[in-house]
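Engineer: Once you've had a glance at the structure underneath, I'll fire off some questions.
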């Protein structure tokens, strides 16, 4: 192999090594973009849905617009997280003619504050899930109270019971709801369900999983760079002799 060819190979190896060195970053510096979730989208479906899974779909359709994607409720605060998910022209419905204090025909009043259904302090005025079910069946959804079937109201109740960690929501009957205690301080419930003192099961704590240890791929890249620099330098030295 003549010297001209050796010089050319040495230059190419050195250039490749410099390029790799400039592109190599520690693993800790590499970031993966996080997609922005669509909070207005329907919840994912499952192959064999439980009653609570059906209730999640019904909650999204009939309850989420006012009560929030996480059951956080709605307020008229300037920084309200859920209200900000809507287009600006739909963020203050209570000011419009169809949802204001004097709504048009077929309109309905939208309150400035909608209570939370999920989270700390939510459903605090209800002794058991039975009272939640009875209220929903009589007064919800706000624009068409009582328009769902009893099975649909029961499915939404099962979904709420599951999100509160009080039931697996697989299958619930109306008679089961009075045994799902929301507030243990309430032991006297409705006249039709007096004497129920059942305590809801304590949800099992999830088992901790060991954290995955990332591979130090920068070590391998560093070794390749060193090898290329060594070969390139050797060819340069050989050319100089």
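Residue numbers (the working numbering): 683 to 923. Heads up, the beta-carbon is just placed ideally off N, CA and C, and yes, glycines get one too.
#1: Can you tell me where the alpha helix (DSSP H) with residue 747 in it begins and where it stops?
#2: If we ignore side chains and look at the alpha-carbon of each, how far apart do residue 775 and residue 741 end up?
#3: Enumerated in chain order, which unbroken segments of the alpha helix (DSSP H) with a length of 4 residues or greater are wholly contained in the region 813 to 846?
#4: Note down the Cα distance separating residue 752 from residue 767, rounded to an integer number of angstroms.
#5: Enumerate in chain order the residues of its own chain whose CB-to-CB distance from residue 744 is below 6 angstroms, with the five nearest sequence positions on each side excluded.
#6: Bridge partners of residue 756, per DSSP?
#7: If we count the other Cβ atoms within 10 Å of its Cβ and call it buried at 16 or more, is residue 722 buried or exposed?
#8: Here's a check: name, in chain order, each residue in its chain whose Cβ is nearer than 8 angstroms to the Cβ of residue 738, leaving out the five neighbours to either side.
#9: Could you check if residue 810 is buried or exposed, using at least 16 other CB atoms within 10 Å of its CB as the buried criterion?
#10: What residues in its chain sit with their C-beta under 8 angstroms from that of residue 820, if we drop five residues either side in the sequence?
#11: Assuming residue 859 and residue 808 make a contact with CB atoms under 8 angstroms, what is their CB distance in whole Å?
#12: Taking only the alpha-carbon atoms, compute the straight-line gap between residue 734 and residue 864 and give it to the nearest angstrom.
#13: Closer than 6 angstroms by C-beta to residue 757: which residues in its own chain qualify, once you throw out the five before and the five after it? Chain order, please.
#14: Could you tell me the alpha carbon to alpha carbon distance between residue 817 and residue 760, rounded to whole angstroms?
#15: Checking 8 angstroms against the spacing of the C-beta atoms, do residue 798 and residue 755 come in under that value?
#16: Tell me, please, which residues DSSP counts as bridged to residue 863.
#17: Can you tell me whether residue 792 is buried or exposed? The criterion is at least 16 other CB atoms within 10 Å of its CB, across all chains shown.
#18: Whole angstroms is fine: what's the gap from residue 851's alpha carbon to residue 837's?
#19: Would you mind sorting residue 714 into buried or exposed? The rule is 16 or more other CB atoms within 10 Å of its CB.
#20: Since residue 843 and residue 849 should fall inside the 8 angstroms C-beta cutoff, what is the C-beta to C-beta distance between them, to a whole number of angstroms?
#21: Could you give the DSSP three-state label for residue 851: helix, strand or coil?
#22: The alpha helix (DSSP H) that contains residue 739, what's its start and end?
#23: If you draw a straight line from the alpha carbon of residue 833 to that of residue 764, how long is it in whole angstroms?
Structural biologist: Quick look at the numbers:
#1: Element bounds for residue 747: 746 to 749.
#2: In this structure, the straight-line span from the alpha carbon of residue 775 to that of residue 741 is close to 20 angstroms.
#3: 832 to 845, all fully within the region 813 to 846.
#4: About 13 angstroms.
#5: Cβ within range, chain order: 823.
#6: According to DSSP, residue 756 bridges with 796.
#7: By the neighbour-count rule (16 or more Cβ atoms within 10 Å), residue 722 is not buried but exposed.
#8: Only residues of its own chain outside the window of five on either side were considered, and among them 725 and 841 have a CB closer than 8 angstroms to the CB of residue 738, listed in chain order.
#9: Under this definition residue 810 is a buried residue.
#10: Within the same chain, residue 820 has close Cβ partners 827 and 828.
#11: The C-beta separation of residue 859 from residue 808 comes to about 10 angstroms, leaving the pair out of contact by the 8 angstroms criterion.
#12: CA-CA distance, residue 734 to residue 864, rounds to 17 angstroms.
#13: Excluding residues within five positions, the ones whose Cβ falls inside 6 angstroms are 795.
#14: Here the alpha carbon of residue 817 sits roughly 30 angstroms from the alpha carbon of residue 760.
#15: The criterion of a C-beta distance shorter than 8 angstroms is satisfied by residue 798 and residue 755.
#16: As computed with DSSP, residue 863 is found in a beta bridge with 810.
#17: By the neighbour-count definition (other C-beta atoms within 10 Å, threshold 16), residue 792 is a buried residue.
#18: In this structure, the straight-line span from the alpha carbon of residue 851 to that of residue 837 is close to 8 angstroms.
#19: The residue in question, residue 714, is exposed, as its Cβ has fewer than 16 Cβ neighbours within 10 Å.
#20: Indeed they touch by this definition, with Cβ atoms about 4 angstroms apart.
#21: Residue state, collapsed to three classes: coil.
#22: Note, residue 739: alpha helix (DSSP H), 733 to 740.
#23: Spanning the two alpha carbons is a distance of roughly 28 angstroms.
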